[in-house]
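To start, the structure under review is shown below, and the notes come after it.
Protein chains in written order, with the numbering used here: chain Z, 1013 to 1312; chain S, 12 to 374.
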């Protein structure tokens, strides 16, 4: 089984995602137990990336449902294409057609708009279903989702029940802005992603940013790591570190000193207050240690 | 000792820590354990972790139980647990109960006795009695709690699912489709952003409570732009800028050092605070503002100055009061809570962090 986990990790690496032992184990368990994986963590640590890389690794289509406040069944499951239905009724209106035929016509597959969840279930090959930011939906929708995730079937009154031929691999991501229902959490395996360790971030940078020297990757990772220790409104995410590295490469620079940092810091930090704070720290010390400003001692 | 008993002891201890571990979760856990290599400590840990806890806020509690049981690490396991200990592919979890001494539990029995101190959920701890360790646990949860509160407050303002149909624009739109109204247009209701003014007692008598209230307000400030915080003991002063950074637990000391809160004797004076607030900061109030007051309403027998609170009430939308004392002691001694609470939309008794969180969530 350790081989399988290692294999999984290699596969994910080839798909462009570096995962540690823990993530790989959870992925392996999710696959073996046929359970959805609930991924939580701060913004920008690669929650969505796990699912994307997983689908690349398995070479399966990724079906993505982006949740938002106010999403309903019509947006997530299916909807009848009522505009086309109306047009069809109007078109046949002038001909002499049996109304029952018309009814059967307009409630056929042709007029069905498949939304992500139905797509994932009715697909002829297994899919990776990513339900992104599940914490944004309301409780009614969550309950509906719960039913779907336990049975993997749904009924459309006009067409009958659609049952999944293949169980999709399900990933749910959440920013923990609200507590999910116990029932939903119970059905999932829980994976909490955090900001990566220094080594891991360095590896990620080398993988994601071509043309980056090892030395520069190490430097960028170290500085990003230090910046996360500073009390900021929003700590820089991995995605932003990657952007930063790309920006530095794009500018044709091959070293990171405080002048370069001042020039490019806005790629990494997006709040004005945070930016001012970090710039202040750089000016005060003339280095990239990001220690709080030293207190002026009167004795000197 | 056998496998399932030990594991059940572990589950029991988790439950006693306040982690909801259900039967189906334990079943998942057993099934998962049969699939992995126990000698890899990371692997073993994450298997238990991902099947048993489903919320990051339980991580600290989980870790403490986990290390109590399994701190011996892989070296010891390697010494005493070769292949024969776990008959590899077991078809069902129950069979695992037959495997003797399979689970790498080290010195578990001896640790049993030492459990009683750590049985509480940090959120239920009474604030005034919270130990340093609890405080650290609570502190770890602040960002989570405040994010939830912020999103709750935003959601409150989004209740326009069944809004009315805008006939005019629906008809207008239907021209394109020959008078067939294909797109129904609805009236969009404008959302109001919450404007909050918080007034927080930072005196010594409610020290722990105000520490937490300040930390909470500070983290709320990160998610809401229109939140102003005022601190008071004897005088009232705006403390919004001091809350924007710094360690949540030292906020109170920073505030005491930087803001002018004491003029003569340093006893909490609610009456003077309210009149001072009306005099200096009444411009911060308007019909959209919600005022949150954090304090025990113990006025040290000073003048109540009810008319000042009355004025605040007429100038703002709502007043909510959060009191760290249990409701039974309101109005006893120098507590003026019963008088003041008449002017509040609602007042909440928040002896611990959970109730404080719940109370804020109810707004």
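Note that beta-carbon positions come from the ideal geometry of N, C-alpha and C, so glycine has one too.
Residues of chain Z with a CB under 8 Å from the CB of residue i: which are they?
i                      : result
residue 256 of chain S : 1243 and 1289
residue 46 of chain S  : 1013, 1040, 1041, 1044 and 1045
residue 237 of chain S : Neighbours of residue 237 of chain S on chain Z: none; closest Cβ ~16 Å, over 8 Å.
residue 349 of chain S : The contacting residues do not exist; residue 349 of chain S stays about 34 Å from chain Z at best.
By the criterion of Cβ-Cβ separation under 7 Å, what are the contact partners of residue i in chain S?
i                       : result
residue 1100 of chain Z : Within 7 Å Cβ-Cβ: nothing; residue 1100 of chain Z doesn't reach chain S, min ~13 Å.
residue 1201 of chain Z : 61 and 62
residue 1095 of chain Z : 193
residue 1194 of chain Z : 31
Using a C-beta to C-beta distance shorter than 7 Å, which residues of chain Z count as neighbours of residue i?
i                      : result
residue 191 of chain S : 1098
residue 67 of chain S  : 1052, 1188 and 1204
residue 33 of chain S  : 1198
residue 42 of chain S  : 1045
residue 36 of chain S  : 1198
residue 315 of chain S : Simply none; closest approach about 39 Å.
Taking all protein chains shown into account, decide if residue i is buried (16 or more other Cβ within 10 angstroms of its Cβ) or exposed.
i                       : result
residue 1038 of chain Z : buried
residue 252 of chain S  : exposed
residue 124 of chain S  : The predicted position of residue 124 of chain S is uncertain, since its pLDDT is 33 and thus under 50; a value taken from the coordinates is nonetheless stated next. It counts as exposed.
residue 37 of chain S   : buried
residue 1188 of chain Z : buried
residue 1166 of chain Z : buried
residue 130 of chain S  : At residue 130 of chain S, the pLDDT of 40 sits below 50, so the modelled position is not reliable and the matter cannot be decided from this model.
residue 357 of chain S  : exposed
residue 1295 of chain Z : exposed
residue 1199 of chain Z : buried
residue 94 of chain S   : Confidence at residue 94 of chain S is low in this model, with a pLDDT of 36, below 50, so its placement is unreliable and the value that follows should be read with caution. Counting Cβ neighbours within 10 Å, residue 94 of chain S comes out exposed, since fewer than 16 surround it.
residue 1257 of chain Z : buried
residue 1113 of chain Z : exposed
residue 269 of chain S  : exposed
residue 1020 of chain Z : buried
residue 1298 of chain Z : exposed
residue 22 of chain S   : buried
residue 78 of chain S   : exposed
residue 1046 of chain Z : exposed
residue 1252 of chain Z : buried
residue 310 of chain S  : buried
Could you check where the alpha helix (DSSP H) with residue i kicks off and where it finishes?
i                       : result
residue 1286 of chain Z : 1284 to 1297
residue 1181 of chain Z : Where residue 1181 of chain Z is concerned, there is no enclosing alpha helix (DSSP H), although the beta strand (DSSP E) it sits in stretches over 1181 to 1186.
residue 62 of chain S   : 52 to 63
residue 1210 of chain Z : 1210 to 1220
residue 1065 of chain Z : 1059 to 1070
residue 1175 of chain Z : Element bounds for residue 1175 of chain Z: not the alpha helix (DSSP H) but the beta strand (DSSP E), 1172 to 1175.
residue 1078 of chain Z : Note, residue 1078 of chain Z: premise wrong, no alpha helix (DSSP H); beta strand (DSSP E) at 1074 to 1078.
residue 1008 of chain Z : Residue 1008 of chain Z lies beyond the stretch modelled for chain Z, which goes from 1013 to 1312, so this question has no answer here.
residue 1022 of chain Z : 1014 to 1026
residue 1274 of chain Z : 1270 to 1280
residue 1233 of chain Z : 1226 to 1241
Hey, residue i and residue j are a contact pair by Cβ (cut 8 Å); roughly how many whole angstroms apart?
i                       : j                       : result
residue 254 of chain S  : residue 262 of chain S  : 6 Å
residue 58 of chain S   : residue 44 of chain S   : 6 Å
residue 1302 of chain Z : residue 1239 of chain Z : 6 Å
residue 209 of chain S  : residue 305 of chain S  : 7 Å
residue 65 of chain S   : residue 1050 of chain Z : 7 Å
residue 1183 of chain Z : residue 1063 of chain Z : 4 Å
residue 1052 of chain Z : residue 1134 of chain Z : Rounded, the Cβ-Cβ distance is 29 Å, inconsistent with contact.
residue 1026 of chain Z : residue 1079 of chain Z : Contact flag wrong, Cβ pair sits at about 29 Å.
residue 1341 of chain Z : residue 1139 of chain Z : Outside the shown range of chain Z (1013 to 1312) lies residue 1341 of chain Z, about which nothing can therefore be said.
residue 334 of chain S  : residue 315 of chain S  : With a Cβ gap of about 16 Å, residue 334 of chain S and residue 315 of chain S do not count as contacting.
residue 274 of chain S  : residue 245 of chain S  : 6 Å
residue 1070 of chain Z : residue 1205 of chain Z : With a Cβ gap of about 20 Å, residue 1070 of chain Z and residue 1205 of chain Z do not count as contacting.
Can you pull the chain S residues whose beta carbon is under 9 Å from the beta carbon of residue i, in chain order?
i                       : result
residue 1034 of chain Z : 53, 54, 56, 57, 60 and 61
residue 1085 of chain Z : Those do not exist, as residue 1085 of chain Z stays about 13 Å from chain S at its closest Cβ, beyond 9 Å.
residue 1017 of chain Z : 47, 48, 51 and 54
Over what stretch of residues does the beta strand (DSSP E) that includes residue i continue unbroken?
i                       : result
residue 334 of chain S  : 329 to 334
residue 1166 of chain Z : 1165 to 1168
residue 1207 of chain Z : Careful: residue 1207 of chain Z lies outside any beta strand (DSSP E) and carries neither H nor E.
residue 301 of chain S  : 300 to 305
residue 1052 of chain Z : 1049 to 1052
residue 359 of chain S  : 357 to 360
Just the chain S side, please: which residues come within less than 8 Å of residue i by C-beta, in chain order?
i                       : result
residue 1060 of chain Z : Here the premise fails: no neighbours, minimum Cβ distance about 18 Å.
Complete runs of the alpha helix (DSSP H) confined to the segment 14 to 39 of chain S [at least 4 residues] | 14 to 27
What residue ranges within the segment 1083 to 1130 of chain Z form continuous alpha helix (DSSP H) runs of no fewer than 4 residues, ordered along the chain?
-> 1085 to 1088, 1094 to 1105 and 1111 to 1118
Quick one: complete beta strand (DSSP E) runs, 3+ long, within the segment 184 to 253 of chain S?
-> 206 to 212, 238 to 243 and 247 to 249
Please specify which runs of the beta strand (DSSP E), each continuous and at least 3 residues long, are wholly inside the segment 1133 to 1157 of chain Z, giving them in chain order.
-> 1140 to 1144
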